[in-house]
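**Q** Have a look at this one.
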Amino acid sequence: MLSVQNINVYYGKIHAVKDVSFEVNDGEIVTLIGANGAGKSTVLKTISGLLHSTTGSITFENKELLRVAPHKIVPMGLAHVPEGRRIFQAMTVEENLEMGAYVAKPSSVAAHLENVYERFPRLKERKRQIAGTLSGGEQQMLAMGRGLMSDPKLLMLDEPSMGLAPILVEQIFDIIKELRDHGTTILLVEQNARMALKIADRGYVLETGKIVLSGTGTELLNSPEVKKAYLGG
Amino acid sequence: MSFLSHLINGISLGSIYAIIALGYTMVYGIAKMLNFAHGDVIMVGAYVCFFALNSFGLPPVVGVLLAMLICTALGILIERLAYKPLRAAPSLAVLITAIGVSYFLQNGALLLWGSNSKVFPSIFNNAALHLFDGQLTIGVTTLITIAACVVIMIGLTLFTGNTKMGKAMRACSEDKDAAILMGINVNRTISVTFAIGSALAAIAGVLLCSAYPLLQPTTGSMPGIKAFTAAVFGGIGSIPGAFLGGILLGIIEIFAKAYLSTELSDAIVFLVLILVLLIKPTGLLGKKTVVKV
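Heads up: the protein sequence lines correspond to chains A and B, in order. Residues 8 to 240 (the working numbering) make up the first sequence, in order. Residues 21 to 313 (the working numbering) make up the second sequence, in order.
This is how it looks when you write it as structure tokens:
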């Protein structure tokens, strides 16, 4: 479904992503794990067109994404829930969700909204509330709900567990599994490697911009290198 | 009764400032830049209307519409040619460019239309409302100016609150990258903002010259600076703030002229701005910048 081949991304002189290649197949949860600053978010931003790779290619359903205007990537069926949620703080919950459906057919918005409210009943209760006043967990749900509003084939989630209480983290990961079971392909970036690998079909380990390991979720969970570096022994 | 009369004149002048300030504040909100050429777009709008009426004998409504149309195109063109290439440049470079565009428009007008002041025709008939046995006289121009401002304010509030494009503008002004991730075409949204701001500038130009009928290439610059002041006064980036700031500034200016000193009225206006900013640096209705984690 998504194929990333030999991308290189620079922040000024800093070589943030070095020759990264990986694949996401239809119906999978694929996770990119790695320490802070390993380049995980940079990879996602490059896929959604916020950053540019000087080399290689990124294809989504056999269409090249590099050099496509970034706002034209969402309509292709790819949604990106950014790190730090980046919800529109001054807008209401429902307006945030409407923005998520900006590229959707107007006739389908009501149905998408209903789906999201069904999955996140809390958002429905708070639909008229200003998004900036939501709790951290609710804001994460809103960010994910907003991402789902375009009815994406591939949902990219950047650090959905960041700053959340353990019980909420469990809840978010359950929802990610549910989404996959309903046919949405997931590309998950996480610092919480244990949780991510538990639900992932496959994973890649990024270290200072390079992919150093890959395998199924279970393989990586049991790999001595991963255990030592990311799972606390 | 003269107090009431000054108040109404103040609201009327303030309405013009408010309409101009809306353009400043919307552009600032979305493009995070101060478009110092905005005042000169007002002047262009007034000239277009002047020639439509005087040289082509068109009806005033057509003159106003033509001014709006040409200013809209001008606004989009300025953004496209002067500001868009600088989207990633430091804000100081954009500011200097905006000042450059301002001088370009003023000197272009000087070249095209000469330095002699034109006397702007009265668009609205000079009828006036006489109230309280003729003790209070309110000109029709005054009333129309206030009404136009109220209609524009309500229209913009509905637009940004209820339409897809209006909401996209709010989304862009809050977080451009997040807006892109929604599939919003940020460049187009910025264009639309410039278009709306410039169309409003055209209306402001016609209203300004209807109230103060001397038209010359520098006509827009002082009202432009005052409207910018009004936008900062009300809280730059805030639409209700521009409205409130504009109206208050107009009232303060007229009261200062009437009761204190005509010569010092501008100084008083800016003194009030400085005091407000000392007490509340974000302006009356401005929001604190949200620090992103």
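Don't be surprised by glycine CBs; every beta carbon is placed ideally from N, CA and C. Remember, predicted model here, so these are calculated numbers, not experimental data.
Comparing alpha-carbon positions, which option in B:305, B:257 and B:220 lies nearest residue 37 (chain B)?
**A** Checking every option, the nearest Cα to that of residue 37 (chain B) belongs to B:220.
**Q** Report yes if the CB atom of residue 190 (chain A) is closer than 9 Å to the CB atom of residue 152 (chain A), and no otherwise.
**A** Not closer than 9 Å, so no.
**Q** Taking the beta carbon of residue 312 (chain B) as the centre, do at least 16 other beta carbons fall within 10 Å, making it buried, or is it exposed?
**A** Caution is warranted here: a pLDDT of 38 is assigned to residue 312 (chain B), below 50, making its placement in the model unreliable, and the coordinate value is therefore given only provisionally. Looking at its Cβ environment, which holds fewer than 16 other Cβ atoms inside 10 Å, residue 312 (chain B) is exposed.
**Q** By the three-class DSSP mapping on this structure, what secondary structure does residue 35 (chain A) have?
**A** DSSP places residue 35 (chain A) in coil when its eight states are reduced to three.
**Q** Is residue 202 (chain B) closer than 9 Å to residue 110 (chain A) when the C-beta atoms are compared?
**A** Their beta carbons are under 9 Å apart, which means residue 110 (chain A) touches residue 202 (chain B) by this criterion.
**Q** Output the distance between the C-alpha atoms of residue 310 (chain B) and residue 168 (chain A), rounded to the nearest integer angstrom.
**A** Note that residue 310 (chain B) scores 47 on pLDDT, short of 50, meaning its location in the model is unreliable; the coordinates nonetheless yield the value given after this. The alpha-carbon atoms of residue 310 (chain B) and residue 168 (chain A) are separated by roughly 22 Å.
**Q** Among B:51, B:124, B:135 and B:156, whose alpha-carbon lies nearest the alpha-carbon of residue 110 (chain B)?
**A** Cα-wise, what sits closest to residue 110 (chain B) is B:51.
**Q** Among B:60, B:191 and B:88, which one has its Cα closest to the Cα of residue 128 (chain B)?
**A** Selected option, being the one with the closest Cα: B:60.
**Q** When you compare the CB positions of residue 68 (chain B) and residue 223 (chain B), do they come within less than 9 Å of one another, or not?
**A** Cβ distance not < 9 Å, so residue 68 (chain B) and residue 223 (chain B) don't count as in contact.
**Q** If residue 77 (chain A) and residue 57 (chain A) are in contact, beta carbons under 8 Å, what's the gap, nearest whole angstrom?
**A** Correct: roughly 6 Å between the Cβ atoms.
**Q** Is the beta carbon of residue 227 (chain B) less than 9 Å from the beta carbon of residue 35 (chain B)?
**A** A contact, by the Cβ cut-off of 9 Å.
**Q** Using a threshold of 9 Å, state whether the C-beta atoms of residue 115 (chain B) and residue 56 (chain B) are closer than that.
**A** Their beta carbons are under 9 Å apart, which means residue 115 (chain B) touches residue 56 (chain B) by this criterion.
**Q** Of all the alpha helix (DSSP H) runs that stay within the bounds of the region 92-117 of chain A, which reach a length of 4 or more residues?
**A** Listed in chain order, the complete alpha helix (DSSP H) runs (minimum 4 residues) inside the region 92-117 of chain A are 100-107.
**Q** For residue 21 (chain B), which three-state DSSP category applies?
**A** Three-state result, residue 21 (chain B): coil.
**Q** Tell me the rounded alpha-carbon separation between residue 161 (chain A) and residue 100 (chain B).
**A** The straight-line gap from Cα to Cα measures roughly 34 Å.
**Q** From the beta carbon of residue 109 (chain A), is the nearest beta carbon of chain B less than 9 Å away?
**A** It does: the Cβ of residue 109 (chain A) has a partner Cβ on chain B nearer than 9 Å.
**Q** Between residue 194 (chain B) and chain A, is there a C-beta pair that is closer than 9 Å?
**A** Yes, residue 194 (chain B) counts as interfacial toward chain A.
**Q** Should the region 278-295 of chain B be regarded as contacting the region 240-253 of chain B, the criterion being three or more beta carbon pairs within less than 8 Å?
**A** Output reads yes: the region 240-253 of chain B touches the region 278-295 of chain B.
**Q** Residue 306 (chain B) and residue 66 (chain B) - do their beta-carbons sit closer together than 9 Å?
**A** No, the pair does not count as a contact, with Cβ atoms beyond the cut-off.
**Q** If you reduce the DSSP assignment to three classes, tell me which class residue 23 (chain A) lands in.
**A** The answer is strand: DSSP assigns residue 23 (chain A) an E or B state.
**Q** So, at 7 Å on beta carbons, what are the nonlocal neighbours of residue 198 (chain A) in its own chain, with the 5 sequence-adjacent residues on each side left out?
**A** Here the set comprises 43 and 166.
**Q** Between A:215, A:104 and A:41, which has its C-alpha nearest residue 21 (chain A)'s C-alpha?
**A** Selected option, being the one with the closest Cα: A:215.
**Q** Considering only the alpha carbon of each residue, which of A:49, A:33, A:55 and A:34 lies closest to residue 40 (chain A)?
**A** Among A:49, A:33, A:55 and A:34, the Cα nearest to that of residue 40 (chain A) belongs to A:49.
**Q** Closest to residue 200 (chain A) by CA distance: which of A:179, A:184, A:188 and A:227 is it?
**A** Ranking the options by Cα distance to residue 200 (chain A), first place goes to A:227.
**Q** Enumerate, from N- to C-terminal direction, the unbroken alpha helix (DSSP H) stretches of 4 or more residues contained entirely within the region 53-107 of chain B.
**A** For the region 53-107 of chain B, whole alpha helix (DSSP H) runs of length 4 or above, ordered along the chain, are 58-74 and 80-98.
**Q** Looking at chain B, which residues of the region 34-60 of chain A have a Cβ within less than 9 Å of any of its Cβ atoms?
**A** Listed by position along the chain: 52, 55, 56 and 57.
**Q** Nearest-angstrom Cα distance between residue 45 (chain B) and residue 19 (chain A)?
**A** Roughly 32 Å between the two C-alpha positions.
**Q** So for residue 310 (chain B), helix, strand or coil by DSSP?
**A** Confidence in residue 310 (chain B) is poor, its pLDDT being 47 and thus under 50, which makes the residue's placement too unreliable to answer from.
**Q** Given this structure, state the Cα-to-Cα distance separating residue 278 (chain B) from residue 162 (chain B), to the nearest angstrom.
**A** Going by the C-alpha atoms only, they are around 17 Å apart.
**Q** Can you tell which of B:31, B:121 and B:198 has the C-alpha that lies nearest to the C-alpha of residue 81 (chain A)?
**A** For the residues B:31, B:121 and B:198, the minimum Cα distance to residue 81 (chain A) belongs to B:198.
**Q** Chain B partners of residue 146 (chain A), CB-CB under 7 Å?
**A** The premise fails here: residue 146 (chain A) is roughly 11 Å from chain B at the closest Cβ pair, so nothing lies under 7 Å.
**Q** For residue 114 (chain A), which residues in chain B fall below 9 Å Cβ to Cβ?
**A** Near residue 114 (chain A) there are no residues of chain B at all, since even the closest Cβ is about 14 Å away, more than 9 Å.
**Q** Can you say whether residue 140 (chain B) is buried or exposed, counting buried as having 16 or more other CB atoms within 10 angstroms of its CB?
**A** So residue 140 (chain B) ends up on the buried side.
**Q** Looking only at its chain, what residues have a beta carbon closer than 7 Å to the beta carbon of residue 32 (chain A), apart from the 5 residues adjacent to it on each side?
**A** Around residue 32 (chain A): 8.
**Q** Restricting to runs no shorter than 3 residues, where is the beta strand (DSSP E) found entirely within the region 227-272 of chain B?
**A** Whole beta strand (DSSP E) segments, 3+ residues: zero.
**Q** Would you mind stating whether residue 189 (chain B) and residue 30 (chain B) have Cβ atoms separated by less than 9 Å?
**A** No.
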